[in-house]
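The numbering used here puts the first residue of the sequence shown at 7, with every later residue one more than the last.
First up is the structure itself, then whatever we jot down about it.
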Amino acid sequence: MAGSSRSEQRIGLLNGFAAYGLWGLVPLFWPLLKPAGAGEILAHRMAWSLVFVAVALFFVRRWAWAGELLRQPRRLGLVTVAAAVITVNWGVYIWAVNSGHVVEASLGYFINPLVTIAMGVLLLKERLRPAQWAAVGTGFAAVLVLAVGYGQPPWISLCLAFSFATYGLVKKKVNLGGVESLAAETAIQFLPALGYLVWLSTQGGSTFTTEGVGHSALLAATGLVTAIPLVCFGAAAIRVPLSTLGLLQYLAPVFQFALGVLYFHEAMPPERWAGFALVWLALTLLTWDALRTARRTARALREQLDRTGAGMPPVKESEAARDSGDSVARSVT
7 MAGSSRSEQR IGLLNGFAAY GLWGLVPLFW PLLKPAGAGE ILAHRMAWSL
57 VFVAVALFFV RRWAWAGELL RQPRRLGLVT VAAAVITVNW GVYIWAVNSG
107 HVVEASLGYF INPLVTIAMG VLLLKERLRP AQWAAVGTGF AAVLVLAVGY
157 GQPPWISLCL AFSFATYGLV KKKVNLGGVE SLAAETAIQF LPALGYLVWL
207 STQGGSTFTT EGVGHSALLA ATGLVTAIPL VCFGAAAIRV PLSTLGLLQY
257 LAPVFQFALG VLYFHEAMPP ERWAGFALVW LALTLLTWDA LRTARRTARA
307 LREQLDRTGA GMPPVKESEA ARDSGDSVAR SVT
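Here it is as structure tokens:
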């Protein structure tokens, strides 16, 4: 039984590395779609994502959620908001990568956890621990330093971070699985995306049929690029502890940052290094506090069970991940 559990965790870790590794390496993919512009790439991503996710749902026969969603106008409205926000996030990210702003895009996903915490305080009236306050304050200082370095606020980073934090907040209220949520969101996106592609074609601006079969296949592959990491993440979320997923999520922006500096050779003057160093310090504080709190909670639960003489084992962290794993997927790009 223990061997089976370890095997499941290994499978979960491999899927987690695959999910965040693919999200981290996706800046290599978007430039392959040129000369298509960001708007055309975005529209294809929305349309083809629905196609691939619908095929996946067909094979696993998971459709009951769709009828329930249609009978709940409030949840459907929240899904519409999520679709709108993720459209902004995807569009800005694609434009940023293809315009030479990979490093600034990676910053958006580095500061996303800090923005999520700040939104929790402002919108949900959540109370923070001292280490969390220190992390948020350090993150704010980092943005100020980077604003000086860029000569303006890092708008791309802030747009990506706030749109993704909003997306995560809305998804938490919708409470749909990752694949089901993507299917619902892309179903809402599909008609506007298709309409834009038809209009673009009538204006002579479409590259789908003018740049060869390979280019058309790459545009269609935007659906796979969106769906495959999400499926891997779903497989990881039910097999590994949530704290492990929380650490793995930093792989994506780390890979993006490394690609921006080492592969795309984007400029990194000293003030930008200083800003990123402050961001990394804030994330270190946040991670340390989260791990310490998780250990304390587990220890307190064990002590309580010992005192009451209960025969039930403590709840495994991986079971908690099954319920709340989608929140960690906020670094999806």
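Beta carbons are placed, not taken as given, at the ideal position from N, Cα and C, and that holds for glycine.
All of these numbers come straight from a predicted model, not from anything done at the bench.
Cutoff 6 Å; reference residue i; Cβ partners in own chain excluding five residues on either side
i	result
residue 16	none
residue 226	54
residue 20	none
Cβ shell of residue i (< 7 Å), same chain only, five flanking positions each side left out
i	result
residue 132	126
residue 84	176, 179, 180
residue 82	75, 76
residue 206	46, 212
residue 35	231
residue 329	Residue placement at residue 329 cannot be trusted, given a pLDDT of 39 that sits under 50; what the coordinates show is reported in the next sentence. No residues qualify anywhere along the chain.
residue 182	71, 190
Limits of the unbroken alpha helix (DSSP H) element including residue i
i	result
residue 90	79-104
residue 71	70-76
residue 276	276-314
residue 3	Because the chain is modelled from 7 through 339, residue 3 falls outside the range shown and cannot be assessed.
residue 262	257-264
residue 115	108-130
Cβ pair residue i, residue j closer than 8 Å
i	j	result
residue 228	residue 41	no
residue 155	residue 275	yes
residue 113	residue 37	no
residue 215	residue 55	no
residue 30	residue 261	yes
residue 259	residue 64	no
residue 167	residue 118	yes
residue 32	residue 272	no
residue 224	residue 22	no
residue 62	residue 233	yes
residue 13	residue 95	no
residue 194	residue 89	yes
residue 91	residue 172	yes
Cutoff 8 Å: residue i Cβ touching any chain C Cβ
i	result
residue 191	This model lacks chain C altogether; it includes just one protein chain.
Neighbourhood of residue i by C-beta distance below 8 Å, restricted to the same chain and skipping five residues each side
i	result
residue 295	135, 137, 138, 141
residue 284	144, 145, 147, 148, 151
residue 69	63
ask   = Taking the runs of the alpha helix (DSSP H) that are 4 residues or longer, which of them lie wholly in the segment 198-239?
value = 219-226
ask   = Would you call the segment 139-152 and the segment 283-298 touching, i.e. three or more CB-CB distances under 8 Å?
value = yes
task = Output the residue ranges of the alpha helix (DSSP H) runs that lie fully inside the segment 139-200 and measure 4 residues or longer, sorted by chain position.
result = Listed in chain order, the complete alpha helix (DSSP H) runs (minimum 4 residues) inside the segment 139-200 are 161-180.
task = Evaluate contact between the segment 41-54 and the segment 98-108, counting only Cβ atoms and requiring at least three cross-stretch pairs below 8 Å.
result = Counting C-beta pairs closer than 8 Å gives three or more between the segment 41-54 and the segment 98-108, which meets the contact rule.
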